[in-house]
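I have placed the structure first, in the form of structure tokens, so that the comments after it can refer back to it.
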Amino acid sequence: MGTARKIRAKAAASGDDTPLAARWVSDLGADIGSPRWFRSLGLLVALVAVTFAFWPDFSALHAAAPVRLSDEERDEYRSQMITPLALGADSGRRMAPTRLVVPLANAPERPVVELTATIGKDDTLPDLLRRAGVSGMDSERVEALIGGALPAGDIKDGTAFDITLGRRTNPSQPRPLEKLSFRARFDLELTVAREGGPLALERRNILVDDTPLRITGTVGSSLYRAARAAGAPAKSVQQYLKAIGAQLDLNRQVGAGDTFDMIIDYKRAETGEVEVGDVLYAGLSRKGSARAQLLRWGKDGRFYDADGEGELREGLIKPVNAPVGSGYGMRRHPILKINRMHKGLDFRARSGLPIYAVTDGTVAMAGRNGGYGNYVKLNHGGGLGTGYAHMSRIAVRRGQHVKRGQVIGYVGSTGLSTGAHLHYELYRNGRAVNPNSVNFVVRQQLSSAELRQFRQQLVELKKVKPGAALEPLAAEKDQPVKEVREADLLSNAPE
Numbered sequence: 001m002g003t004a005r006k007i008r009a010k011a012a013a014s015g016d017d018t019p020l021a022a023r024w025v026s027d028l029g030a031d032i033g034s035p036r037w038f039r040s041l042g043l044l045v046a047l048v049a050v051t052f053a054f055w056p057d058f059s060a061l062h063a064a065a066p067v068r069l070s071d072e073e074r075d076e077y078r079s080q081m082i083t084p085l086a087l088g089a090d091s092g093r094r095m096a097p098t099r100l101v102v103p104l105a106n107a108p109e110r111p112v113v114e115l116t117a118t119i120g121k122d123d124t125l126p127d128l129l130r131r132a133g134v135s136g137m138d139s140e141r142v143e144a145l146i147g148g149a150l151p152a153g154d155i156k157d158g159t160a161f162d163i164t165l166g167r168r169t170n171p172s173q174p175r176p177l178e179k180l181s182f183r184a185r186f187d188l189e190l191t192v193a194r195e196g197g198p199l200a201l202e203r204r205n206i207l208v209d210d211t212p213l214r215i216t217g218t219v220g221s222s223l224y225r226a227a228r229a230a231g232a233p234a235k236s237v238q239q240y241l242k243a244i245g246a247q248l249d250l251n252r253q254v255g256a257g258d259t260f261d262m263i264i265d266y267k268r269a270e271t272g273e274v275e276v277g278d279v280l281y282a283g284l285s286r287k288g289s290a291r292a293q294l295l296r297w298g299k300d301g302r303f304y305d306a307d308g309e310g311e312l313r314e315g316l317i318k319p320v321n322a323p324v325g326s327g328y329g330m331r332r333h334p335i336l337k338i339n340r341m342h343k344g345l346d347f348r349a350r351s352g353l354p355i356y357a358v359t360d361g362t363v364a365m366a367g368r369n370g371g372y373g374n375y376v377k378l379n380h381g382g383g384l385g386t387g388y389a390h391m392s393r394i395a396v397r398r399g400q401h402v403k404r405g406q407v408i409g410y411v412g413s414t415g416l417s418t419g420a421h422l423h424y425e426l427y428r429n430g431r432a433v434n435p436n437s438v439n440f441v442v443r444q445q446l447s448s449a450e451l452r453q454f455r456q457q458l459v460e461l462k463k464v465k466p467g468a469a470l471e472p473l474a475a476e477k478d479q480p481v482k483e484v485r486e487a488d489l490l491s492n493a494p495e
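If you're matching positions, the sequence shown starts at 1 in the UniProt record's numbering and goes up one per residue.
Here is the structure:
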């Protein structure tokens with residue numbers, strides 16, 4: 001008979017009907033002082049002792065003690081340090097003064113001072129020279145020389161001026177200007193230098209290669225990463241994605257095997273600087289689909305496809321920064337006291353607030369128009385137009401092309417009006433419609449003459465070879481080829 005059977009038989013003989021599993025569960029909070037309680041306590045102590053006996057040994061890993069430097073070693077290390085004296089350093093090998101050391105009454109001045117000054121926003125050239133320590137007489141001379149070669153307004157913010165100040169005879173007087181040079185334009189460097197006596201201006205024309213940079217490649221897993229890996233600047237890739245994304249769904253309509261093509265306005269000077277402009281052409285060749293081709297055209301810099309159609313522009317901006325006071329529909333006229341159709345929206349705006357064109361268009365009318373008072377009407381193409389009434393002053397003229405957000409007038413109360421407000425109307429094929437019910441979409445279309453120029457520009461631009469902007473400049477090509485000696489070949493040969 002097994003042990004479990006013996007326990008069951010003994011329990012049955014004693015009349016204990018407690019389950020066998022429950023008898024091994026000890027509750028030290030019950031039957032305190034009983035033999036069963038002491039057995040449970042002894043079992044707990046034994047388990048704790050076994051646990052600590054087999055507890056793993058985690059000992060601390062001590063780091064090596066730092067080496068303490070002696071005074072001699074510290075002086076030796078100090079002599080090998082290189083720290084600028086201007087920062088208050090006392091490094092370097094020290095030497096005691098000898099009889100050859102002669103005390104000076106005054107510290108000698110540096111023979112020349114070379115510095116770089118940067119012109120800031122709303123800064124002027126005289127202020128920059130004065131801060132750099134240039135005398136008033138030299139400053140006036142420099143301003144006259146540079147002003148004769150370059151208008152002061154053409155100096156861009158952030159332009160760096162390299163200035164050299166010469167030796168002065170009296171410490172209380174400003175140093176004379178010996179030389180001043182800066183990059184006036186990407187293709188021009190101006191230098192003002194003292195030749196013998198007076199200051200003179202020297203112009204240096206810098207050769208610039210303006211061949212556009214063309215970059216092509218396969219899309220792969222990421223169009224952005226592929227373009228960046230091919231050498232396109234981040235700014236150019238962002239412009240390319242924005243242009244292509246307006247025509248195609250980049251997530252669904254662009255595959256890994258498609259080929260991207262971008263041409264960037266790129267200038268490279270013979271001195272090594274580069275100037276990256278906007279993306280001029282954005283193309284995408286898709287397998288089994290028509291090739292997407294977009295060219296930047298016009299003063300506004302918009303992209304047009306190969307057929308001369310511009311990118312879609314959706315949505316209208318508010319014509320004035322004010323809330324709507326009266327909506328579109330039938331109402332009782334506040335002055336005529338009759339019920340009639342209100343063909344637009346009234347914006348509660350104070351007099352003098354600017355009124356904006358809700359989108360690009362052409363001024364069809366600008367002037368007095370009966371009860372509308374001072375009135376402007378814009379044509380946006382596709383049979384759509386907008387009207388703006390009760391202006392205090394008109395800021396455009398008939399036939400003028402206006403851009404989205406351009407100020408066309410100011411809020412007033414001219415015509416049949418009870419107070420300053422803007423009455424705004426939207427027209428479809430000459431009829432006033434509810435401005436809130438129209439999903440306004442505009443696509444610019446080039447005229448016949450512009451389309452011929454556009455396609456000619458597209459053909460010329462696509463003749464650019466990929467990587468053409470990386471070829472040597474003409475000045476570099478004209479340089480004589482250095483003769484290679486046999487000794488040089490032997491010295492550079494692999495061992």
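Cβ atoms here follow ideal geometry from the backbone N, Cα and C, with glycine treated the same way.
Coarse secondary structure for residue i, derived from DSSP in three states
i	result
I263	strand
V142	helix
T211	coil
I119	coil
T271	coil
P494	Below a pLDDT of 50, predicted positions are generally treated as unreliable, and P494, at 38, falls in that range; the measurement from the model is reported next regardless. Residue state, collapsed to three classes: coil.
G217	strand
S351	coil
D360	coil
F186	coil
N321	coil
G419	coil
E202	strand
E309	strand
S222	coil
Residue(s) in a DSSP beta bridge with residue i
i	result
M365	K377
R331	R340
W297	R302
R431	R428
I163	L115 and L180
A389	H423
V276	Y266
D346	S326 and H423
CB contact flag (residue i, residue j, <8 Å)
i	j	result
T164	I119	no
V464	T211	yes
P176	D138	yes
R203	L190	yes
Y266	G277	yes
A306	L248	no
R268	D209	yes
F347	V376	no
I394	A432	no
Q457	L295	yes
residue 499	G344	This structure leaves residue 499 out entirely; the chain is present only between 1 and 495.
L451	G298	no
G415	Y388	no
V407	L422	no
L384	Y356	no
S392	N369	no
residue 530	Y240	An answer regarding residue 530 cannot be provided, because it is not within the stretch 1 to 495 covered by the chain.
Selection from the options that minimises the alpha carbon distance to residue i
i	options	result
Y424	S448, G327 and L353	G327
I264	V279, V45, R404 and S437	V279
A193	A184, T386 and G166	G166
G382	L69, G430 and N339	G430
Cutoff 8 Å; reference residue i; Cβ partners in own chain excluding five residues on either side
i	result
L104	none
G419	S413
P233	I264 and V276
R228	A234 and V237
Nonlocal neighbours in the same chain, by C-beta distance under 7 Å from residue i, ignoring five residues either side
i	result
N321	L353
R485	Its pLDDT being 42, under 50, R485 is placed unreliably in this model, and the coordinates cannot settle the point.
W37	L28 and D31
A132	L115, A117 and I163
6 Å Cβ shell around residue i - same chain, five flanking residues per side excluded
i	result
V134	L177
Residue i Cβ short of 7 Å to the ligand ADP heavy atom set
i	result
G415	Only the bare structure without any ligand can be found here, which leaves the ligand ADP out of the picture.
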